[in-house]
Amino acid sequence: MEESNDVIFDGENNYDIIIIGGGLTGLTAGYYLLNKNVNLSVLIIESQDKVGGRCKNINGFYGHEFQKNFTNLLDNLNIAVINGRKSDFEKMILRMKKRKLVNIHEDSSIISSQIEICCKKPDFEDYTKDDDAKYLASLSVSDYIDNLVFSSSARSICRSYISAICGVNNLKKVSCLWLFVMLNNSGGFFRRLKYLFNNNTRFFIEGGIAQVISRLEDQIIEGNGLINCSEHVVKIKQGDIGIQITTSLKTYKCNYVVIAVPPPESSNIIIESMNYDKNLLKFIKIQSLFVSEPSVYFEITYKSPFWASNYSGSVMTILSKKLNLKFCYDASQEDSNLLAGFINHPEASFFGKMNLFQALNQSFCTDEADNYLHYCEMNCTTNILKPCSVANHHNPLTNPTQKIYFAASEYSKSYPGTAEGAIAAGEHVACLLLYYARPQALEVSEILKYIPQKDCLQKKKCTQFKYIHSILFFTNIAILLTLLWKTYSSKK
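Going by the UniProt record's numbering, the residue at position 347 of the sequence shown is 347; the numbering climbs one at a time, nothing skipped.
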């Protein structure tokens with residue numbers, strides 16, 4: 001492939017690449033592009049007063065050893081990790097019964113196995129348009145469970161599991177096809193549950209996720225990249241000679257733009273293109289089909305880990321309006337004893353029968369849950385694709401345009417919706433962009449991993465190989481016949 005000959009605009013506000021969004025995906029993309037040292041000017045525009053996005057203040061933020069994009073980035077940034085407290089105890093599944101939390105037997109294993117088998121089919125590595133996909137695209141997860149599960153207890157457990165995975169209580173808002181693709185890209189249903197509840201492969205970051213954000217920011221600035229905060233992007237206009245980006249402060253020009261803002265927030269940006277790229281029109285449309293669901297994350301710091309001697313710290317409750325706790329896990333690190341997780345409502349505004357601390361006391365058979373050193377809550381959002389026609393199910397990272405790119409953890413091919421997904425999406429979009437702007441910068445492994453192989457090219461290559469194989473076959477036959485003839489003639 002020849003190097004791009006795009007027009008480079010001159011002037012103070014002109015850049016090769018502009019990344020919209022300074023979250024983990026946008027920062028990873030900027031770091032990856034600049035780390036290649038291929039003479040590309042990069043500007044990151046962030047609407048908030050600081051970069052970091054959705055995860056910058058979470059101390060209990062964790063990863064797992066099997067999340068390779070995450071661990072590779074930490075190695076490259078020389079950031080130390082702290083292994084989580086290992087435990088031989090299993091997670092607890094609790095149901096509220098007469099103002100008490102009681103352990104329940106998990107009678108949904110067969111159903112869970114069926115979900116595992118379905119979501120791990122190769123068909124669900126990406127969105128497809130076969131009959132199954134058409135049906136699942138417009139089917140809600142709630143209806144899927146109702147059709148599949150007859151036991152009310154098993155149905156409740158399945159709903160609670162998937163709610164914990166998706167971060168959404170109302171599963172009528174979640175497309176079943178979207179769920180299957182997400183689970184497939186997370187290694188399956190059971191691997192996604194392992195991500196939530198397994199202490200023994202969990203690690204934390206020294207200094208928290210804020211340390212990763214800070215190190216990425218420093219590396220971008222050292223690589224001569226620029227970061228502008230407190231600036232909102234209003235409009236993107238693609239013309240014949242470049243892209244014009246209008247913000248709340250000024251107008252920029254660039255050759256490539258990466259929209260590293262999650263859907264549906266990205267739908268607030270007006271996008272105009274003179275090229276009428278069909279893929280771009282599809283991607284613009286689907287941004288508004290995502291639904292943003294609020295959730296409340298909590299962290300509680302204790303003087304001592306009162307739960308550790310008899311429990312793993314991992315608790316999931318069956319969804320109930322009377323109960324505030326959704327799930328929690330042991331987020332303890334070397335210098336702190338921490339429980340973290342999600343609740344249905346902020347504690348101050350919850351008026352159900354059992355608040356968070358009452359639930360923790362009953363879960364761990366203690367009265368120490370109220371005796372904390374520090375308690376904090378943070379509002380988080382989860383973005384999911386609602387049930388809709390399969391024609392609206394597209395992944396911008398697997399069918400990219402060549403000028404305007406969409407990148408978010410939600411589109412990742414590795415643990416979408418997590419830090420691993422955000423990092424993978426940032427690296428993925430950087431490779432897609434480099435493929436057109438600086439193809440010589442990519443390694444073979446990066447091309448094979450991230451660059452889509454068009455069906456027509458694959459068919460053409462297969463046809464060429466068939467022709468070559470046929471030519472070689474008949475050539476060898478001719479040589480063999482010649483040798484046999486010579487041997488026969490010499491014996492005469």
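Using N, Cα and C, we set each Cβ at its ideal position, and we do this for glycine too.
Taking the DSSP output, what are the residues bridged to residue i?
i    : result
Y436 : In DSSP, Y436 forms no bridge with anything.
Q238 : I243, S273
R202 : H64
I227 : I44
M378 : Y297
F342 : Y297, F327
V102 : R95
K253 : N14, Q244
Y195 : DSSP lists no partner for Y195.
V429 : V429 pairs with nothing; no bridge assigned.
N83  : F203
K385 : Sequence check: residue 385 is Leu here, not Lys. In the DSSP output, where bridge partners are listed per residue, L385 has F290.
Please name the residue, chosen from the options, that lies closest to residue i on a Cα-to-Cα basis.
i    : options                : result
K285 : L77, L373, V390        : V390
P122 : L94, I209, V181        : V181
I243 : I259, Q114, R192       : I259
N361 : D49, S332, N69, P305   : P305
L432 : Y415, S414, L397       : L397
C388 : Q287, F189, C118, E299 : Q287
T301 : G60, G26, L24          : G60
F189 : L373, T71, S112        : S112
F298 : S309, K253, M316, L356 : L356
F342 : L319, S336, I20        : L319
L216 : I44, D335, N255, I271  : I44
N275 : W307, K386, G239       : G239
N76  : K253, N35, P263        : N35
H232 : K250, Q219, G223       : K250
E272 : R192, S156, V257       : V257
D335 : E206, E443, I269       : E206
L338 : A369, C119, D49        : A369
N184 : K98, F124, N72         : F124
Y252 : V234, V261, P263, P262 : V234
V102 : C380, F364, G352       : F364
Straight-line CA distance for residue i to residue j?
i           : j    : result
Q358        : P439 : 58 angstroms
S142        : P346 : 25 angstroms
L196        : I18  : 34 angstroms
G421        : L281 : 24 angstroms
residue 494 : H428 : Residue 494 cannot be examined here, being either before or after the span of the chain that is shown, 1 to 492.
I451        : K134 : 26 angstroms
P400        : F283 : 9 angstroms
K225        : E12  : The amino acid occupying residue 225 in the given sequence is Gly; Lys does not appear at that position. For G225 and E12, the distance between alpha carbons rounds to 14 angstroms.
C456        : F150 : Because the pLDDT of C456 is 35, which lies under 50, any placement of that residue in the model is unreliable, and the number read from its coordinates should be weighed accordingly. Straight-line Cα distance between these residues: approximately 46 angstroms.
I221        : G21  : 16 angstroms
N37         : G30  : 12 angstroms
T247        : C229 : 11 angstroms
Y15         : G23  : 20 angstroms
F350        : G313 : 23 angstroms
C462        : L40  : For C462, the predicted structure reports a pLDDT of 42, less than 50, and the residue's modelled location is therefore unreliable. A value from the coordinates is still provided. Going by the C-alpha atoms only, they are around 36 angstroms apart.
L171        : R95  : 19 angstroms
L74         : V212 : 8 angstroms
V51         : K100 : 43 angstroms
Y62         : N279 : 35 angstroms
K321        : K386 : 23 angstroms
P264        : L27  : 20 angstroms
Could you check whether the Cβ of residue i sits closer than 7 angstroms to any Cβ belonging to chain C?
i    : result
T418 : As a matter of chain content, chain C is missing from the structure shown, which is built from one protein chain.
When you compare the CB positions of residue i and residue j, do they come within less than 7 angstroms of one another, or not?
i    : j    : result
Q333 : I82  : yes
S87  : A137 : no
I117 : I209 : no
A441 : L448 : no
A164 : M316 : yes
I404 : F70  : no
S47  : Y415 : no
I236 : I227 : no
I104 : I115 : no
T382 : S295 : yes
I145 : R155 : yes
Excluding the 5 residues preceding and the 5 following residue i in the sequence, name in chain order all residues of the same chain whose CB lies nearer than 7 angstroms to its CB.
i    : result
E446 : C431
Y372 : I300, T301, Y302
A425 : T25, L397, A407, A408, S409, Y411, S412
I384 : C166, V168, K173, V174, W178, F290, V291, E293
D126 : V181, N395, T398
N392 : K285, I286, L289
Q67  : Y415, E420
Verify the contact flag: residue i, CB atom, against every heavy atom of the ligand COA, threshold strictly below 6 angstroms.
i    : result
L171 : Annotation note on the ligand COA: not contained in the displayed structure, which lists no ligands.
Could you name the residues of the same chain whose beta carbon sits closer than 6 angstroms to that of residue i, not counting the 5 residues immediately before and after it, in chain order?
i    : result
E65  : T201
S267 : Q287, S288
Among residues of its own chain, excluding the 5 on either side of residue i, which ones have a beta-carbon nearer than 8 angstroms to its beta-carbon?
i    : result
N199 : G84, R85, K86, S87, S312, G313, S314, Y329, D330
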